[in-house]
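The numbering of the sequence shown is this note's numbering, which starts it at 43 and goes up by one. Cβ atoms here follow ideal geometry from the backbone N, Cα and C, with glycine treated the same way. Report on the following structure.
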Amino acid sequence: MSDSLSNKVDVIIIGGGPAGMSAALVLGRARRHVLVIDEALPRNRVTHESHGFLTRDGIAPAEFRQIAREQISAYPSVSFVQETVTDVTGTDGHFEVKASSGTTYQGAKIIFATGMKDAPLEVKGLQDVYGKSAFVCPYCDGWEMQDRPTAIIAGDHALHLARTLSGWTSDLIVFTDGSPRPDEEVEQLSSRGITIYDAKIREILSEDGQTHAILLEDGTEVPRTSIFFAPKLISGSDLPQKMGCTMTEFGAMQVDEMGRSNISGVFGTGDSASRMYQIAAAVSSGSLVGVVINSEFLEQDWENR
Ligand SMILES: Cc1cc2nc3c(=O)[nH]c(=O)nc-3n(C[C@H](O)[C@H](O)[C@H](O)COP(=O)(O)OP(=O)(O)OC[C@H]3O[C@@H](n4cnc5c(N)ncnc54)[C@H](O)[C@@H]3O)c2cc1C
């Protein structure tokens with residue numbers, strides 16, 4: 043712990059996903075006292091396999107977290123608690139964090155690594171297949187779904203998603219779920235052989251998480267075995283906003299290239315401060331924030347030496 047600080051940890055990390063744990067690893071190795079508070083509800087918990095992170099391709103998200111926890115536990119100045127943070131107050135050097143249990147924690151710096159959340163899925167049956175045969179990110183799950191008859195349910199993102207998915211399958215159908223796309227978009231899609239259904243979706247038909255067909259309100263049943271969709275995302279926590287952190291139009295914290303928010307001593311990392319929703323990006327930004335915070339402590343300690 044920094045000499046200038048006593049009876050409290052150097053850094054409280056709110057959120058123990060890839061971003062928060064990456065920051066904890068860097069700070070633990072730098073001998074900082076760190077508390078990771080995590081309610082353990084990551085956005086990718088619906089999926090069984092996580093892809094694209096070097097050395098961990100195909101790993102179960104829970105196992106990824108478990109390995110992270112085991113490795114960080116080698117650094118005795120890092121502690122973990124599982125609970126929900128309900129309030130953060132204070133100023134740089136003197137933050138107070140309240141948790142749902144009523145416990146209060148104190149830290150000199152705060153890192154929000156609280157991720158993003160999906161708004162409740164409105165299409166009936168979509169939750170049953172989410173993470174099994176319905177996905178949100180072609181780079182994460184496109185390989186597994188390659189060459190399948192694929193449904194795109196993506197509103198304003200339909201054209202972008204169709205263009206991206208065309209690298210994995212040529213059998214694409216767009217479902218607008220009752221909100222037709224502009225003529226120019228329809229033209230771009232249909233000129234590439236992509237059919238568009240405008241009727242409302244009544245239900246996704248599936249068994250054991252495997253999609254069979256999209257059933258439309260007009261009774262049409264369109265066989266599909268894979269779905270890519272664009273869920274509405276909301277911030278993983280409203281605490282940064284409540285504290286006065288500037289937020290982007292996408293519900294993320296506005297941070298500079300070092301992860302600093304507009305509030306001194308408050309940092310954002312991972313999905314909660316980015317639009318690159320990938321584990322590699324979250325780990326990278328967590329590591330960066332860890333280094334930036336440790337450098338601030340070193341500078342302060344150096345001046346006081
Ligand atoms: C279905 C699906 C599949 C995916 N597949 C892949 C993949 O294959 N490869 C890939 O690279 N990426 C994948 N992703 C994206 C990846 O999961 C995220 O980019 C990554 O988890 C972001 O890490 P994070 O640490 O920022 O947030 P998260 O992993 O979401 O962790 C945030 C943590 O903060 C906690 N938290 C939030 N608020 C509070 C609070 N108030 N108090 C305490 N704790 C709190 C949450 O409970 C959670 O544990 C997938 C996402 C989804 C939805």
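Where does the unbroken alpha helix (DSSP H) through residue i begin, and where does it stop?
i	result
R71	P60 to R71
H202	A200 to L207
F292	No alpha helix (DSSP H) holds F292; DSSP gives it neither H nor E.
V355	The chain is shown from 43 up to 347; residue 355 falls before or after that span and cannot be answered.
S314	Neither: S314 is in no alpha helix (DSSP H) and is coded neither H nor E.
V230	Note that residue 230 is Gln in the sequence shown, not Val. Run containing Q230: D225 to S232, per the alpha helix (DSSP H) assignment.
L281	L281 to M285
In whole angstroms, give me the CA-to-CA distance for residue i and residue j.
i	j	result
T290	V51	29 Å
I103	Q188	The sequence shown places Pro at residue 103, not Ile. Using only the alpha carbons, I get a separation of about 22 Å.
P162	C182	21 Å
I101	F137	36 Å
G286	I305	8 Å
T206	I195	14 Å
P191	V297	40 Å
M98	A66	Strictly speaking, residue 98 in this sequence is Arg, with Met absent from that position. Distance between the alpha carbons of R98 and A66: 19 Å.
H202	A324	23 Å
N346	N336	15 Å
V130	M295	15 Å
Q169	E341	49 Å
V216	G235	11 Å
D213	A255	14 Å
T126	E229	48 Å
F339	M300	15 Å
R74	A150	11 Å
R111	G62	11 Å
Y319	V178	10 Å
D250	R302	44 Å
A72	E186	39 Å
L247	S233	28 Å
I109	V53	22 Å
For residue i, which residues of its own chain have a beta-carbon under 6 Å away from its beta-carbon, when the five flanking residues on both sides are left out?
i	result
V123	I79
E245	K166, G167 and L257
Q283	M289
A82	Q124
S329	S64 and V68
D160	P273
A193	I215, F217, I256, R266 and I269
E259	A241, K242 and R244
Based on the DSSP output, what are the partners of residue i in its beta bridges?
i	result
R244	R244 is not bridged to any residue.
K349	The first residue shown for the chain is 43 and the last is 347, placing residue 349 beyond what the model contains.
S121	L77
F270	F177 and I194
F217	Y239
E263	L257
K151	V53
E249	Q252
S92	I101
R302	F309
T211	According to DSSP, T211 bridges with nothing at all.
T145	In the DSSP output, where bridge partners are listed per residue, T145 has none listed.
Taking the beta strand (DSSP E) that residue i falls in, what are its first and last residues?
i	result
T128	V127 to T133
I321	No beta strand (DSSP E) contains I321, which is instead part of the alpha helix (DSSP H) from I321 to N346.
K166	Element bounds for K166: n/a, residue is neither H nor E.
E138	H136 to A141
Q108	First-last for Q108: P103 to I114, but that is the alpha helix (DSSP H), not the beta strand (DSSP E).
Counting only the same chain and skipping the five closest in sequence on each side, list residues whose C-beta sits under 8 Å from that of residue i.
i	result
L348	Lying before the first or after the last residue shown, residue 348 is absent from the chain, which here runs from 43 to 347.
G293	M158, L275, I276 and S277
P84	G59, P103, R107 and G157
G209	P180 and G184
T262	Y239 and A241
Q252	V171, K174, S175 and T267
R223	A200, L201, V216, L231 and I238
S92	N86, R98, G100, I101, A102, P103, F106, C182 and I321
A141	I79, V123, E125, T126, V127, T128 and Y147
S316	A294, A323, A324 and S327
So, for residue i: in the same chain, excluding its five sequence neighbours on each side, which residues have a beta-carbon less than 7 Å away from its beta-carbon?
i	result
G70	V76, I114, Y117, S119 and V120
H199	A272
D134	S306 and G307
S221	G197
G132	E138
V333	V68
V88	Y172 and G173
V331	A65, I153, G301, F309 and T311
A204	I194, L214, V216, L231 and I236
With a cut-off of 7 Å, does the C-beta of residue i fall near any C-beta of chain D?
i	result
L207	Of the chains in the structure shown, none is chain D; there is only one protein chain.
**OP:** Indicate whether the contact test is met: 3 or more Cβ pairs, each with one atom in the stretch 140-156 and one in the stretch 271-282, closer than 8 Å.
**Re:** Judged by Cβ distances under 8 Å, the stretch 140-156 makes contact with the stretch 271-282, as three or more pairs qualify.
Original post:
Are the stretch 144-152 and the stretch 264-271 touching by the rule of at least three beta carbon pairs closer than 8 Å?
Top reply: no
Original post:
Would the stretch 54-64 and the stretch 309-324 be scored as touching if the rule is three or more Cβ pairs under 8 Å?
Top reply: yes
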